[in-house]
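A quick write-up on the structure given underneath.
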Ligand SMILES: [Zn+2]
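Residue numbers (the working numbering): 1 to 202.
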């Protein structure tokens with residue numbers, strides 16, 4: 001249990017904050033990560049729901065993926081550094097940090113679909129450049145149909161929308177990535193997001 005302050009009425013109350021899960025040991029909790037409910041609290045004072053803000057480690061030993069959800073504070077930064085150093089020696093592990101539950105869920109979707117998240121971030125950037133209007137929070141949702149069309153969600157003028165792109169866009173991005181060796185030699189937990197794309201491809 002940990003103290004949480006409701007952002008609406010500022011009252012403090014206890015919430016159950018889980019520090020992390022191993023998906024092979026806690027399949028039920030994994031579903032609560034996937035649907036986001038693990039990160040939502042309901043305030044006993046005013047009844048409103050809000051997103052919890054605390055560090056969380058998602059570990060899928062089958063996919064060899066560890067994803068660290070950062071809280072807004074510096075809480076857990078030392079633990080993450082130590083874990084990153086230890087996990088770097090684990091063969092073939094993908095180590096990522098994300099800054100929101102939505103980004104965590106997207107990463108899980110990408111890895112469970114068997115995709116490379118770096119190529120997907122580049123693909124999202126390419127697709128967002130081709131959209132006419134200013135879109136925000138573009139996320140990979142799933143592959144669809146026989147041609148593996150990529151389904152994205154995004155926000156436009158406050159509304160959630162979706163769009164599709166051909167799988168060839170992703171494949172092109174993966175080829176570019178391989179040529180540029182983007183992200184090679186990165187150690188420990190890495191944030192791979194739209195900022196990462198701009199750093200590596202501009
Ligand atoms: Zn409240």
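Every residue, glycine too, gets a C-beta built ideally from N, C-alpha and C. Remember, it's a predicted structure, so these values are computed and weren't measured experimentally.
(message) Using only Cβ atoms and a threshold of 5 Å, which residues come within that distance of a heavy atom of ligand 1? Order them by chain position.
(response) 6, 8, 9, 43, 45, 46
(request) Kindly confirm or deny that the stretch 99-114 and the stretch 61-72 touch, where touching means at least three C-beta pairs closer than 8 Å. (result) yes
(request) Give the straight-line distance between the Cα atoms of residue 173 and residue 122, rounded to the nearest whole angstrom. (result) What you label residue 173 is simply residue 173 of the chain shown in a count that begins at 1. What you label residue 122 is simply residue 122 of the chain shown in a count that begins at 1. Their backbone Cα atoms lie some 6 Å apart in a straight line.
(message) What would DSSP say about residue 130, mapped onto helix, strand or coil?
(response) Taking the first residue of the chain shown as position 1, residue 130 is located at position 130. Helix.
(request) Can you give me the Cβ contacts of residue 17 inside the same chain, cut-off strictly under 6 Å, excluding the 5 residues immediately before and after it? (result) Locating residue 17 in the chain shown gives position 17, where the first residue counts as 1. For residue 17, where only same-chain residues beyond five positions count, the Cβ hits under 6 Å are 2, 54.
(request) Report, in whole angstroms, the separation of the C-beta atoms of residue 69 and residue 84, which I expect to be a contact under 8 Å. (result) As a first step, residue 69 must be located in the chain shown, where it is residue number 69. As a first step, residue 84 must be located in the chain shown, where it is residue number 84. Not quite, the Cβ-Cβ distance comes to about 14 Å (not below 8 Å), so this is no contact.
(message) Can you tell me whether residue 192 is buried or exposed? The criterion is at least 16 other CB atoms within 10 Å of its CB, across all chains shown.
(response) Along the chain shown, one-based indexing puts residue 192 at 192. So residue 192 ends up on the buried side.
(message) Across the stretch 41-60 and the stretch 16-33, are there enough close Cβ pairs to call them in contact, namely three or more that are closer than 8 Å?
(response) yes
(request) State the DSSP-derived secondary structure class of residue 18, mapped to helix, strand or coil. (result) To locate residue 18, count along the chain shown from 1; it is residue 18. In the structure shown, residue 18 sits in coil (DSSP, three-state: anything other than H, G, I, E or B).
(request) Would you mind working out which of 74, 13, 167, 60 sits nearest residue 119, comparing C-alpha positions? (result) By one-based count along the chain shown, residue 119 stands at place 119. Selected option, being the one with the closest Cα: 167.
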